[in-house]
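Asks: So the sequence lines, in the order shown, correspond to chains A and B.
Here this note's numbering is used: the first residue of the first sequence is 3, the next is one more, and so on.
Here this note's numbering is used: the first residue of the second sequence is 611, the next is one more, and so on.
Note that beta-carbon positions come from the ideal geometry of N, C-alpha and C, so glycine has one too.
Take this structure first; my questions come after.
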Amino acid sequence: MSPILLIEQVLNGLQFGMMLFLMSAGLTLVFGVMGLINLAHGSLFMIGAFAAAAVAAATGSFLLALVASLAAAAAAGALVEVLVIRRLYARDHLDQVLATFALILIFSEGTRWVFGSFPLFLNIPPYLSGPVTLPGGIEYPLYRLTLIAVGGLVALGLYLLITRTRLGIRIRAGESDREMIAALGVDIQRLYTLVFALGAALAGLAGALVGAIQSVQVGMGEPVLILAFVVIVIGGIGSVKGALVGALLVGVTDTLGRALLPGFFGLFMEPSAAMSMGSSLASMLIYILMAVVLIAKPSGLYGATV
Amino acid sequence: MTLKSLLLAASVAAMPVAALAEGAVKVGMITTLSGGGAGLGIDVRDGFMLAVKQSGNDAIEVVIEDDQRKPDIAVQLADKMIQSEKVDVLTGIIWSNLAMAVVPGATAQGKFYLSPNAGPSALAGKGCHKNYFNVAWQNDNLHEAAGAYANSAGYKNSFILAPNYPAGKDALTGYKRQYGGGLAGEVFTQLGQTDYASEIAQIRASGADSVFFFLPGGMGISFLKQYADSGVDLPVVGPAFSFDQGILQAVGAAALGVKNTSQWNKDIDNPANAAFVASFQAEYGRLPSLYASQGFDTANLLLSAMAKADVKDTDAFRAALEAADFASVRGNFAFGSNHHPVQNIYVREVIQEGDVFTNKIIGTALENHADVYAADCKM
């Protein structure tokens, strides 16, 4: 494998990782701060993508579509928190899984009811489409570079929000002792709604950004949701930094595994066996990574020590 | 326990068996109407029901159920339809793995199964059954046609990719069966994969002169959009599944000019097809897809057999089905010895008509093509 191809694959891994980060940041916040397992996070991803596709089709503006994805997902998140999730904090995780699984079904069939069963069209805006030539002669799609940049900016923004603002202090306080900050006069219900809407908005943004290079269809959120859970388990539940590192690890491992393993097995096996062996192992690789991390650090890379 | 089963037996015996008119046929349609693959099932259902409606034949009764693309649910539905609904004919299944779960059991119980889509090789060869008919194609057919087209287009070094599951492996096997050139690379992707950056980078570095891919549904949409944005401009070939009417609008201009292989297209010139395309549009407000055409043909095949024989007379009804005496939207239509179609497979090109993306036939890839498994079929 040439160095140029290798660099290109690392960039692909970074870009995939950044998208996973947008998805898992919200999930880990909700899990860490509110102690809630939210399976419906993938539906919020889908809502973001559908809102963006609908607005892009109506107005033709990709920026407006992104704004719509943020707004729609945040609104759906806040609504769900107030109507359903609020009743689940005191329940055990199994009840939460059951209720949020029901939400997935409701959102999926609801979306089909509104938009129909056929995939929607959402495309990259002309000013971001096509490849650019990077130093070293690497041709790389501009849109994917933009995705890496957006992911980085969101990571920076979240870091500042959590470490430098009053809201961030409250989020961290809520994470460590819920009763205590309620006793200190913080409106914990409003804080939870806000955190949930923030997580939802990030998932919606990811859905819109990814929707432009993938297929906007019902059920698009669930495969990503599984990866997002892997990411937050690796990173440590509740840690946004862990989500970033975990997402990049998963993204790069998955991409490089798919690119390199078949060739590696090809060194000492016949091509078709190497191909199927390599692809099979590549699809297991992130779960192996998760197992290794959990053996070395049972609470994840940046998880609070139990 | 004994009392309970006695009661159960008594209540079953007391249930009135639905009395249908002489020559009437009850059809059980199990298809995918919810979840990610619903577009295909809805098209098959709409095509099928359009033909039933147009026939004006009220001796046909259709029970429709959603399998949710889950084999276990499909099996439950089939049991329910056979045992309590007492259907005579089953149809509707889209996915090969669901067909494998349902078809052998249904045909073993003496029911007819008419497949409007799935055509796994196991049911075409050793596992064929005299009551199983496939109206669409054997799974390998469209891929074989893509290989034949690649030869005629002069491609010498193809990069081929498909998901890592049985139909994906059949696809690459089918392509290689006809394609005579070399391979620049052969990649199995993950089923349901949405990001193809890694594979596209490999294509770019491989020195290939063409790309063949089989990525049905959303996977194909993702691949084509990312491929178009990557700056790689090698010609792409594939089976019709990724260029179908239902998903072309979601791919948009990224698919323009791509060659794909299909046994049907809306511009096949025969009266049945012209009437089908026009009436489908009038009825549902959208262009019909490949799957809709298959549903339509399946219903017409069934109706043609009903006109000739009573479904209770199994041998006569089977002979009527084998005759395939109906006006197919594909033009000439005949079954091979294993009850799979022997048909032309065309090469289509994706074009834009106004603001709708659709396909146009540009040539014939394979004429009167039958599948290679027929030889293994002993009925």
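Per DSSP, glutamate 959(B) forms a beta bridge with which residues?
Replies: Paired residues: Lys869(B), Lys970(B).
Asks: For methionine 182(A), does the count of other Cβ atoms within 10 angstroms reach 16, so buried, or fall short, so exposed?
Replies: Result: exposed.
Asks: CB alanine 902(B) to CB aspartate 653(B), shorter than 7 Å?
Replies: In this structure, aspartate 653(B) lies closer than 7 Å to alanine 902(B) by Cβ.
Asks: Would you mind sorting phenylalanine 270(A) into buried or exposed? The rule is 16 or more other CB atoms within 10 Å of its CB.
Replies: Label assigned to phenylalanine 270(A): exposed.
Asks: Alpha carbon to alpha carbon, how far is asparagine 948(B) from alanine 984(B)? Give it in angstroms, no decimals.
Replies: When rounded, the distance between both Cα atoms is 5 Å.
Asks: Quick check on the DSSP output: the alpha helix (DSSP H) that includes isoleucine 6(A) runs from which residue to which?
Replies: Per DSSP, isoleucine 6(A) belongs to the alpha helix (DSSP H) from 5 to 36.
Asks: Based on Cα-Cα distance, which residue from Ala980(B), Gln664(B), Ala711(B) lies nearest to isoleucine 703(B)?
Replies: Minimum Cα distance to isoleucine 703(B) is reached at Ala711(B).
Asks: For leucine 834(B) and glycine 666(B), I'd like the C-alpha separation in whole angstroms.
Replies: Approximately 42 Å, taken between the alpha carbons.
Asks: Can you list, in chain order, the residues of its chain whose CB lies under 6 Å from that of alanine 199(A), leaving out five sequence neighbours each side?
Replies: Same-chain partners within the cutoff: Ala76, Gly79, Ala80.
Asks: Taking three-plus beta-carbon pairs below 8 Å as touching, is the region 85 to 99 of chain A in contact with the region 110 to 127 of chain A?
Replies: No contact exists between the region 85 to 99 of chain A and the region 110 to 127 of chain A.
Asks: For isoleucine 652(B), go through chain A and note every residue whose CB falls closer than 8 Å to its CB, in chain order.
Replies: Under the 8 Å cutoff, chain A gives Ser119.
Asks: Who pairs with isoleucine 640(B) in a beta bridge, going by DSSP?
Replies: Answer is Glu675(B), bridged to isoleucine 640(B).
Asks: Would you please verify whether the beta carbon of proline 300(A) is less than 7 Å from any beta carbon of chain B?
Replies: So, not an interface residue.
Asks: Can you pull the chain B neighbours of leucine 287(A), defined as C-beta to C-beta under 8 Å?
Replies: Going along chain B, no residue has its Cβ under 8 Å from leucine 287(A), so there is no contact; the nearest lies around 11 Å.
Asks: Determine the contact status of phenylalanine 943(B) and alanine 934(B), defining contact as a CB-CB distance below 7 Å.
Replies: Cβ atoms of phenylalanine 943(B) and alanine 934(B): closer than 7 Å.
Asks: Which residues mark the beginning and the end of the alpha helix (DSSP H) in which proline 714(B) is found?
Replies: Segment 706 to 718, the alpha helix (DSSP H) holding proline 714(B).
Asks: How is leucine 296(A) classed by DSSP in three states: helix, strand or coil?
Replies: In this structure, leucine 296(A) counts as helix in the three-state DSSP scheme.
Asks: Alpha helix (DSSP H) containing asparagine 741(B): first to last residue?
Replies: It is not in any alpha helix (DSSP H) - asparagine 741(B) carries neither H nor E in the DSSP assignment.
Asks: So what does DSSP say about serine 768(B), is it helix, strand or coil?
Replies: Strand, per DSSP.
Asks: Output the distance between the C-alpha atoms of valine 226(A) and aspartate 879(B), rounded to the nearest integer angstrom.
Replies: For valine 226(A) and aspartate 879(B), the distance between alpha carbons rounds to 44 Å.
Asks: Count Cβ pairs between the region 632 to 651 of chain B and the region 269 to 283 of chain A that sit closer than 8 Å; are there 3 or more?
Replies: Cβ pair count under 8 Å is below three, so no.
Asks: Along chain A, in chain order, which residues have C-beta atoms closer than 8 Å to that of asparagine 645(B)?
Replies: Just to set this straight, residue 645(B) is glycine in the shown sequence, not asparagine. Simply Ser110, Val220, Gly221.
Asks: Does the beta-carbon distance from glutamate 675(B) to isoleucine 640(B) come in below 7 Å?
Replies: Yes, they are a contact pair.
Asks: Alpha carbon to alpha carbon, what distance is there between leucine 147(A) and leucine 160(A)?
Replies: About 20 Å.
Asks: In the structure shown, what three-state DSSP assignment does methionine 611(B) receive?
Replies: Reliability fails at methionine 611(B), whose pLDDT of 43 lies under 50, so the model's placement of it is uncertain and the value that follows must be treated cautiously. Note: methionine 611(B) maps to coil in three-state DSSP.
Asks: Output, in chain order, the set of chain B residues within a Cβ distance shorter than 9 Å of leucine 18(A).
Replies: Per the sequence presented here, residue 18(A) reads as phenylalanine, with leucine not at that position. In chain order: Asp805, Ala807, Ser808.
Asks: Between glycine 268(A) and the rest of its own chain, which residues show a CB-CB distance below 8 Å, the 5 nearest in sequence each way excluded?
Replies: So the list reads Ala276, Met277, Gly280, once near-sequence residues are dropped.
Asks: By the criterion of Cβ-Cβ separation under 8 Å, what are the contact partners of methionine 277(A) in chain B?
Replies: The answer, in chain order, is Glu796, Val797, Phe798.
Asks: Measuring straight from C-alpha to C-alpha, what distance separates alanine 777(B) and phenylalanine 906(B)?
Replies: Each residue's alpha carbon lies about 24 Å from the other.
Asks: Run down chain B in chain order and give the residues with a C-beta less than 9 Å from the C-beta of alanine 261(A).
Replies: Per Cβ cutoff of 9 Å: Ser808, Glu809, Ala811, Gln812.
Asks: Can you tell me where the beta strand (DSSP E) holding valine 583(B) begins and where it ends?
Replies: Only positions 611 to 989 of chain B appear in this structure, which leaves residue 583(B) out of reach.
Asks: Name the residue from Ile9(A), Asn14(A), Met21(A), Ser4(A) whose alpha carbon lies nearest to the alpha carbon of leucine 246(A).
Replies: The candidate whose alpha carbon is nearest that of leucine 246(A) is Met21(A).
Asks: Would you identify the three-state DSSP class for histidine 979(B), choosing helix, strand or coil?
Replies: If DSSP states are grouped into helix, strand and coil, histidine 979(B) belongs with the strands.
Asks: At the level of alpha carbons, what is the spacing between isoleucine 813(B) and leucine 90(A)?
Replies: If I take the Cα positions, the gap works out to 49 Å.
Asks: I'd like the span of the alpha helix (DSSP H) that includes proline 225(A), first residue to last.
Replies: Taken as a continuous stretch (DSSP letters only), the alpha helix (DSSP H) holding proline 225(A) covers 223 to 237.
Asks: Considering only their Cβ atoms, is the gap separating glycine 973(B) from valine 957(B) smaller than 7 Å?
Replies: Yes, these two residues count as a Cβ contact at 7 Å.
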